[in-house]
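Student: Okay, here's the structure, questions in a sec.
Numbering (my numbering), first residue to last: 3 to 124.
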């Protein structure tokens with residue numbers, strides 16, 4: 003019995019690599035974010051650590067992030083994340099809605115951070 007529960011949970015687990023391209027305003031700078039992450043999911047919930055770069059007119063800055071989300075099938079993935087860039091740590095909310103298979107339109111918003119763009123994969 004316990005083995006069948008474990009096998010069922012393992013088979014419903016999902017993981018995958020994804021990439022994002024977003025227009026963003028972070029810490030007072032407009033630019034483009036290019037990032038990648040690896041998502042682990044189980045029963046609609048997912049954890050996605052990732053990293054990327056914000057390219058603005060006057061600087062380029064690396065960032066790291068971690069998002070936790072819940073996927074409402076055929077509708078949206080909603081959640082929250084934390085973005086770390088330099089000495090700034092910013093919490094934010096996130097929503098991603100499917101456009102095509104494996105392609106979502108995604109928006110993030112939090113204190114001194116806003117972004118909208120596309121996510122491919124996961």
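For each residue, glycine too, the CB sits at the ideal point set by N, CA and C.
Buried or exposed, going by whether 16 or more other CB atoms sit within 10 Å of the CB of residue 73?
Tutor: When all chains shown are included, residue 73 counts as buried.
Student: Considering only C-alpha positions, which residue in the set 78, 95, 54 and 94 is nearest to residue 105?
Tutor: For residue 105, the nearest C-alpha among the options comes from 78.
Student: Grab me the residues of residue 37's own chain with a C-beta within less than 6 Å of its C-beta, minus the 5 sequence neighbours each way, in chain order.
Tutor: These residues qualify, in order along the chain: 22, 52 and 54.
Student: For residue 90, does the three-state DSSP call read helix, strand or coil?
Tutor: Strand at residue 90.
Student: Between residue 116 and residue 110, what straight-line distance do the alpha-carbon atoms span, to the nearest angstrom?
Tutor: Taking the straight line joining both Cα atoms gives about 6 Å.
Student: In whole angstroms, what separates the C-alpha of residue 66 from that of residue 84?
Tutor: Straight-line Cα distance between these residues: approximately 8 Å.
Student: Tell me where the beta strand (DSSP E) around residue 124 begins and ends.
Tutor: No beta strand (DSSP E) contains residue 124, which DSSP labels as neither H nor E.
Student: Using 9 Å as the threshold, is the C-beta distance between residue 70 and residue 86 below it?
Tutor: No, they are not a contact pair.
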